[in-house]
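J.: Before I ask anything, let me first share the structure, which is written out below as structure tokens.
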Amino acid sequence: MLVYYTIGLLFVCACVFYNNYKEPLEGSPTEYTQGQAGEIQQLRDTIQKITLTDALVIALQSDNDQMTDQINQLQTNVSSKPGYQ
Numbered sequence: 339m340l341v342y343y344t345i346g347l348l349f350v351c352a353c354v355f356y357n358n359y360k361e362p363l364e365g366s367p368t369e370y371t372q373g374q375a376g377e378i379q380q381l382r383d384t385i386q387k388i389t390l391t392d393a394l395v396i397a398l399q400s401d402n403d404q405m406t407d408q409i410n411q412l413q414t415n416v417s418s419k420p421g422y423q
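Just so you know, my numbering puts the end of the sequence shown at 423, numbered straight through with nothing missing.
Following this line, the structure appears as structure tokens:
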């Protein structure tokens, strides 16, 4: 009997705790779900923008490396000319 009483008391405490500390839903569950879907879409958009930014940075680094190579080649060509000081 004491075991059943203890289990019942724990169940009641758990229910009270859950009802007091759960995150309240503002609006209907459908509105909540749509809000969550909107936040997920915003995160996806942000990730896509970051990915595009990373791709642009990589492309610019590649262009920069090519320009640096061309400048170095020109400097080598100029310095190898006779009479270059």
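The beta carbon of each residue, even a glycine, is placed where N, CA and C say it ideally should be.
Computed from a prediction, not measured in an experiment: that's the story for all the values here.
So for residue 419, helix, strand or coil by DSSP?
T.: Along the sequence shown, read from residue 1 onward, the residue named residue 419 stands at position 81. Coil, per DSSP.
J.: Which class does residue 365 belong to by DSSP, given the choice of helix, strand or coil?
T.: Sequence index remark: in the sequence shown, residue 365 carries index 27 (1-based). If DSSP states are grouped into helix, strand and coil, residue 365 belongs with coil.
J.: Can you tell me the Cα-Cα spacing of residue 365 and residue 391, whole angstroms?
T.: Translated into the one-based positions of the sequence shown, residue 365 becomes position 27. Translated into the one-based positions of the sequence shown, residue 391 becomes position 53. Residue 365 and residue 391: Cα-Cα distance of roughly 37 Å.
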